[in-house]
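Inspection log for the structure reproduced underneath, given as structure tokens.
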Amino acid sequence: MSRTPNYLAGYPPSLLAQVQPLIDDGSLGERLARRYPEAHTVRSDGALYEHVQALKARHMRSSPPLAKVAYDSALQRIHQALGTHTTAARVQGGQLKAKREIRVAAVFKEAPAAFLQMIVVHELAHLKERAHDKAFYALCCHMAPDYHQLEFDFRLWMTLRERPASAALSGQASGPLSP
């Protein structure tokens, strides 16, 4: 069995044993493409902001407002993260104001619509729950009932994207979701 990609670290060996042959024989990209054929049109920061605001209005009306939502091309390389949420406190007059921002890795511009939804749900959940605990994942599943499957499938998709070019050239990576 080849080296387990970092995106799949932490999953049980029995699950990885089922996935590894699909990675090795190149059929995983095709399977993911069939499962997630829908692309999205959320390509700009403005469109991303509107997309996030709509989801927030539907599921988290009482959460704090967002000052900014943007794609970030350096996020994945610098922070080893696919999305971030930040709060910047500023004093305005005699009051302390907090501005909240969500940044999403630029890789999601090309990801299937379901994966963009997954990362947006994840970052919105952090507005109410800071830690990745039971309450956090319950909120994620409230907004996206198939959240855990989406996260796993996204990790598989990223594993295929990060494969060495030699694997792609040898025909082991195939399908529209492959690099």
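Numbering (the UniProt record's numbering), first residue to last: 1 to 179. The C-beta atom is built at its ideal place from N, Cα and C for all residues, glycine as well.
Please classify residue 123 as buried or exposed, where buried requires at least 16 neighbouring CB atoms within 10 angstroms.
buried
Assigned exposure category for residue 28 - 16 Cβ within 10 Å defines buried | buried
- Grab me the residues of residue 159's own chain with a C-beta within less than 7 Å of its C-beta, minus the 5 sequence neighbours each way, in chain order. 5, 7, 8 and 23
Excluding five sequence neighbours on each side, which residues of the same chain lie with their C-beta closer than 6 Å to the C-beta of residue 135? 129
Counted within 10 angstroms of its Cβ, other Cβ atoms place residue 153 as buried (16 or more) or exposed
buried
Subject >> residue 51 beta carbon less than 9 Å from that of residue 116 >> reply: yes
Can you name the start and end residues of the alpha helix (DSSP H) that residue 47 belongs to?
45-59
Which value, in whole angstroms, describes the spacing of the CA atoms of residue 178 and residue 31?
Because the pLDDT at residue 178 is just 39, under 50, the model does not fix this residue reliably, and the value given afterwards should be weighed accordingly. Approximately 11 Å between the Cα atoms of the pair.
Practice item. Over the uninterrupted beta strand (DSSP E) stretch that includes residue 30, give me the two end residues. Key: Taken as a continuous stretch (DSSP letters only), residue 30 belongs to no beta strand (DSSP E), being part of the alpha helix (DSSP H) at 28-35.
*Please state whether DSSP places residue 89 in a helix, a strand or coil.*
Note: residue 89 maps to strand in three-state DSSP.
Residue span of the alpha helix (DSSP H) that contains residue 134, given as start and end
134-143
Requested in this report: Have a look at residue 69 and residue 83 and give me their C-alpha separation to the nearest angstrom.
Outcome: Going from the Cα of residue 69 to the Cα of residue 83 covers about 10 Å.
By Cβ distance below 8 Å, which residues in the same chain neighbour residue 97 in space, the five residues on each side in sequence not counted?
The residues are 89, 90 and 91.
- Could you tell me the distance, in whole angstroms, from the CA atom of residue 10 to the CA atom of residue 155? C-alpha separation (whole angstroms): 12 Å.
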